[in-house]
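So the sequence shown is numbered by our numbering: it starts at 131 and just counts up by one.
Where a beta carbon is used, it is the ideal one built from N, C-alpha and C, also for glycine.
All of these numbers come straight from a predicted model, not from anything done at the bench.
Here is the structure we will look at, set down as structure tokens.
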Amino acid sequence: MNEHLDHVSLLPRPLVAAVAEPVPVVSARWLLGRYDYPLSHRILELCSLAAFVALAAAMATQVVPSIGDRRTGWTIALVAAALMMGCALADLLSGVVHFIFDQYGTPTTPVIGQKFVKPFRDHHIDPLAMTHGDFIAVNSDNLLISLPVMGLALAFVDLSTHPYIGVFVLALVLAAGITNQIHKWAHMPEVSRPVRFAQRRGLILGVEHHDCHHRAPHDRHYCITFGRLDVVLDVMTTRLSCGSADRTGTAHPHQPRCTEDRLGRQTDHHAT
Ligand SMILES: [Zn+2]
Ligand SMILES: [Zn+2]
């Protein structure tokens, strides 16, 4: 062993490097990425990503040529409207799901407790934990639940005849599919310049906007895709909370904790 090392050390430097470093091979780590959970779960996540890309491409191959053939003045307006409606619904759904699992059930609730309630509750305790996962680990659950939506659209809608429905569904599943990525960016201390630009311009969930949710008791700003539908959801969740408080005869616990002025600066009403 020592003779081998001495022999290597006497070689010219470029040759030493060539002998000492392993020959690159296509390894399992290169294919699967870095993860710290069961291999079977990682493979399911990768399959979800591949299926999502395949179904989205199948939809796009019907939608894009059909829109390209329509050269009416309404085309751009209808495509823009379908895009906005799809993104708005994804934002609202992100908030509704977030509200339900923040407010109802516990981590020990049968079936949904460990998989759905616990991650949302843990996120309030350690918001940075989600930033440690890679793109696949963070987003694959949302990509997986988007698959039936795309499958139904492909099976029951003639997207060549109704391309605007296809645009709506694509916007919905794409926005929903990367919701956790957008949420993750809102917690990362460093992001790329395009992401920072999008956050500051309100094109995706803003850091300051989402910070409001992370102030106890975590009862505002549930939307985690764009945050725009919080305008609607905050009113709805407040009324729900008022109703439950009235029925139980207890004081309403959900008073505004923070608001934003038109420049996005926040005011904590309970701060001294
Ligand atoms: Zn929450
Ligand atoms: Zn968060």
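In the three-state reduction of the DSSP assignment, P293 falls in the helix class. Every residue whose Cβ sits closer than 7 Å to any heavy atom of ligand 2 is listed here in chain order: H253, P257, H313, A316, H317, H340, H343, H344 and I354.
Take H340, set aside five residues on each side of it, and the residues of its chain with a beta-carbon closer than 6 Å to its own are A316, in chain order. Excluding five sequence positions before and after P257, the CB atoms of its chain that fall closer than 7 Å to its own CB belong to H317 and H344, given in chain order. Residue environment for V193: buried (at least 16 other C-beta atoms within 10 angstroms of its C-beta).
The residue among S224, V247 and I173 with its C-alpha nearest the C-alpha of D232 is V247.
DSSP places S196 in the uninterrupted alpha helix (DSSP H) bounded by L169 to D199. In this structure, L300 keeps its C-beta atom at 8 Å or more from the C-beta atom of M215. For C342, the enclosing alpha helix (DSSP H) starts and ends at V337 to H343. Considering only F229, V241 and F265, the residue with the shortest C-alpha distance to M366 is F229.
W204 and H262 have their C-alpha atoms some 44 Å from each other. Around the beta carbon of V297, 16 or more other beta carbons sit within 10 angstroms, so the residue counts as buried.
One Cα belongs to S224, the other to I275, and the distance between them is close to 13 Å. The Cβ neighbour count for H171, taken over all protein chains shown within 10 Å, is under 16; the residue is labelled exposed. Distance between L277 and L304, taken at the CA atoms: about 11 Å.
Between the alpha carbons of V361 and L161 lies a distance of about 42 Å.
For Q329, the enclosing alpha helix (DSSP H) begins and ends at R323 to R330. In this structure, the beta-carbon distance from L208 to Y294 falls below 8 Å.
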